[in-house]
Amino acid sequence: MANSESLANVGLIGLAVMGKNLALNIADHGFGIAVYNRTGSVTQEFIRENPSTPGKLTGCETLEQFIAAIKQPRVIIILVKAGPAVEAVVDQLLSAGLAKDDIVVDAGNSNWNDTIRREKQYADRLKFFGSGVSGGELGARFGPSLMPGGDPASWKHLQPIWEAIAAKVDPVNGRPIAGAAPGKPVSGGIPCTAYIGPNGAGHYVKMVHNGIEYIDMQLISEAYYLLRHLLGLSPDALADIFHDWNQGKLDSYLIEITADILRQRDPAKPRKYLVDSILDAAGQKGTGKWTAGNALDMGIPANSIAEAVFARCMSAIKDERVAASKKLKGPKAAAVKGAKAMIEAIRQALYCSKICAYAQGFQLMREAQKEYQWKLDFGSIAGMWRGGCIIRAQFLQKITEAYQKDANLVNLLMDPYFRKEILAGQEQWRQVVALAAKNGIPAPAFMSALAYFDSYRAAVLPANLIQAQRDYFGAHTYERVDQPRGKFFHVDWPQADRPQLEV
Ligand code: 2AM
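Be aware that the sequence shown starts at 142, since it is given in this note's numbering, and climbs by one per residue.
See below:
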């Protein structure tokens with residue numbers, strides 16, 4: 142048996158692109174890492190292609206060799222397809238001789254309910270841990286945002302590795318520190334990871350991150366579409382606008398890549414913009430749907446997040462839409478005067494809608510912590526999204542500050558900074574939504590965010606009528622405005638004798 146000095150600090154199973162990149166990131170930070178993949182040729186090729194890394198890379202042909210190559214208690218990261226493959230791999234590891242205090246980290250996009258169940262299922266055989274990883278392939282390679290959830294004692298073993306490999310932000314301004322390269326990780330800065338909570342908390346927060354990502358992308362796409370259709374601008378001109386927006390409060394990875402995307406020419410037709418050659422039918426892998434479904438299950442009004450999922454569903458029925466476009470004629474779009482003012486109004490609409498989208502995401506997490514008995518630190522969660530992940534944005538620094546000022550903030554809209562921002566932008570936001578409606582331009586996310594804002598700030602909603610209807614046809618009862626909450630009433634509808642109304 143190898144002496145413990147030569148053993149790897151950590152193991153990783155699953156050498157698809159995310160697994161490979163995470164393994165290289167770990168090795169770049171000087172950790173010895175043993176790797177295993179079901180298809181052995183992939184492991185051999187990976188080792189062959191990466192002869193020199195600061196930490197030692199050990200390729201293993203069997204799970205027995207793999208287990209024997211890692212220091213105890215073992216930390217084993219699995220990055221396989223979410224679903225039954227996770228259990229298959231854990232069961233194989235157990236058969237190969239994993240010990241009770243070994244830690245298995247599922248770093249895939251697993252459903253948080255599966256992580257809660259698996260932690261219990263394996264509790265007397267190993268320590269099962271879940272960690273969200275965001276940032277795509279490049280994030281995994283040079284610094285992702287990592288959202289770890291599980292037993293706090295296990296976290297102590299993972300923490301040095303997680304903090305080393307995570308993206309880093311500048312301690313002064315909260316901006317991501319760029320410049321990592323193979324073998325040359327960035328040093329210093331605040332790592333974009335922190336312990337989130339027990340069992341499925343990490344995977345839950347990662348899911349909400351993805352739900353927010355859906356709405357962020359939808360809002361940007363609507364801004365692009367409105368600018369294009371109301372002002373008739375070319376993609377190059379639009380790229381300039383997004384580049385410009387990226388210098389201000391909307392500064393974010395998604396706005397930055399949008400500017401790049403809009404400039405891109407079609408390699409197959411160099412005189413065309415690539416964006417115009419891409420079919421308008423969006424795909425999805427399911428985490429947005431999970432977020433929206435969970436909002437429905439918990440009764441939380443995350444309507445814009447759900448709208449973003451439905452917008453992708455609507456985009457996907459392309460043939461039906463093409464047929465409908467010939468029959469269902471809307472208004473003729475009117476020419477818009479004052480391009481500069483319109484661009485600014487759309488920027489404000491995007492910014493205000495974005496505030497509502499994040500308010501919904503944080504409202505969801507606030508409810509989930511009650512549902513699952515977690516204690517989430519929202520400032521820290523916003524903090525770890527400042528770098529590495531797809532929704533990284535300057536804006537998140539303000540969310541961190543909002544929760545640092547008030548850890549029990551009921552809703553982001555009630556934070557003094559965001560309240561001021563949204564009140565300042567609402568007039569232009571309303572103009573844009575009205576213009577979209579008047580011209581028949583779909584802007585479902587802008588509209589649903591405005592509906593969220595107007596509903597949230599309404600002391601009175603028309604739900605009194607809903608309660609009356611429910612009582613009328615189903616004797617479901619109602620509460621009264623002049624009686625304490627929780628006291629329920631019913632009348633026999635319709636009333637036969639009608640006394641004089643009190644007005
Ligand atoms: P493979 O190369 O042998 O297909 C993404 O699919 C990664 O998960 C790949 O590394 C893949 O290994 C691995 N994977 C998928 N299902 C698996 C399973 N049931 N057992 C082990 N590895 C699996």
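Every residue gets a Cβ at the ideal spot worked out from N, C-alpha and C, and that includes glycine.
All figures in this text were calculated on a predicted structure; none of them were measured in a lab.
Residue interval of the beta strand (DSSP E) (run including residue i)
i           : result
residue 199 : 198–200
residue 287 : 286–290
residue 293 : Note, residue 293: premise wrong, no beta strand (DSSP E); alpha helix (DSSP H) at 293–306.
residue 413 : 410–414
residue 236 : No beta strand (DSSP E) contains residue 236, which is instead part of the alpha helix (DSSP H) from 225–236.
residue 154 : 151–154
residue 270 : 268–275
residue 177 : 174–177
residue 247 : 244–247
residue 419 : Segment: none, residue 419 is in no beta strand (DSSP E) and carries neither H nor E.
residue 218 : 216–219
Euclidean distance between Cα positions of residue i and residue j
i           : j           : result
residue 430 : residue 370 : 29 Å
residue 589 : residue 170 : 44 Å
residue 483 : residue 575 : 12 Å
residue 523 : residue 546 : 13 Å
residue 390 : residue 332 : 23 Å
residue 213 : residue 239 : 10 Å
residue 560 : residue 320 : 35 Å
residue 507 : residue 341 : 15 Å
residue 194 : residue 165 : 7 Å
residue 587 : residue 491 : 7 Å
residue 424 : residue 268 : 35 Å
residue 611 : residue 628 : 16 Å
residue 245 : residue 533 : 28 Å
residue 548 : residue 312 : 20 Å
residue 224 : residue 253 : 11 Å
residue 197 : residue 152 : 11 Å
residue 296 : residue 185 : 31 Å
residue 551 : residue 573 : 28 Å
residue 207 : residue 420 : 44 Å
residue 258 : residue 251 : 11 Å
residue 373 : residue 499 : 30 Å
residue 309 : residue 472 : 49 Å
residue 178 : residue 190 : 15 Å
residue 147 : residue 338 : 33 Å
residue 413 : residue 346 : 40 Å
residue 349 : residue 634 : 44 Å
residue 598 : residue 405 : 42 Å
residue 142 : residue 243 : Residue placement at residue 142 cannot be trusted, given a pLDDT of 44 that sits under 50; what the coordinates show is reported in the next sentence. So the two alpha carbons sit approximately 19 Å from each other.
residue 307 : residue 367 : 37 Å
Distance between beta carbons of residue j and residue i, contact taken as under 8 Å
i           : j           : result
residue 303 : residue 289 : 6 Å
residue 582 : residue 474 : 7 Å
residue 276 : residue 343 : Their Cβ separation, rounded to whole angstroms, is 15 Å, which puts residue 276 and residue 343 out of contact at 8 Å.
residue 160 : residue 220 : 4 Å
residue 578 : residue 505 : The pair is not a contact, with the Cβ atoms about 28 Å apart (cut-off 8 Å).
residue 531 : residue 354 : 5 Å
residue 422 : residue 450 : Their Cβ separation, rounded to whole angstroms, is 14 Å, which puts residue 422 and residue 450 out of contact at 8 Å.
residue 248 : residue 216 : Contact flag wrong, Cβ pair sits at about 11 Å.
Any non-hydrogen atom of ligand 1 within 7 Å of residue i CB
i           : result
residue 230 : yes
residue 245 : no
residue 191 : no
residue 222 : yes
residue 183 : yes
residue 162 : no
residue 203 : no
residue 194 : no
residue 157 : yes
residue 179 : yes
residue 226 : yes
Where the alpha helix (DSSP H) through residue i begins and ends
i           : result
residue 587 : 585–597
residue 365 : 342–372
residue 396 : 394–404
residue 521 : 519–525
residue 552 : From DSSP, residue 552 is part of no alpha helix (DSSP H); its letter is neither H nor E.
Any chain B beta carbon closer than 8 Å to residue i
i           : result
residue 456 : This model lacks chain B altogether, as it is built from one protein chain only.
For the pair the segment 544–556 and the segment 442–449, tell me if three or more CB-CB distances fall below 8 Å. Touching, no.
At least 3 beta-carbon pairs within less than 8 Å: the segment 350–362 vs the segment 388–399: These segments touch.
Tell me, please, whether the segment 500–517 touches the segment 373–393 by the rule of three or more beta-carbon pairs shorter than 8 Å. Note that the segment 500–517 does not touch the segment 373–393; fewer than 3 beta-carbon pairs, one per stretch, sit closer than 8 Å.
contact_flag[the segment 515–532, the segment 608–628] where n(CB pairs < 8 Å) is 3 or more: Counting C-beta pairs with one atom in each stretch, the segment 515–532 and the segment 608–628 have fewer than three that are closer than 8 Å, which means they do not touch.
Does the structure place the segment 254–269 close enough to the segment 215–233 that three or more beta carbon pairs sit under 8 Å? Yes, they touch.
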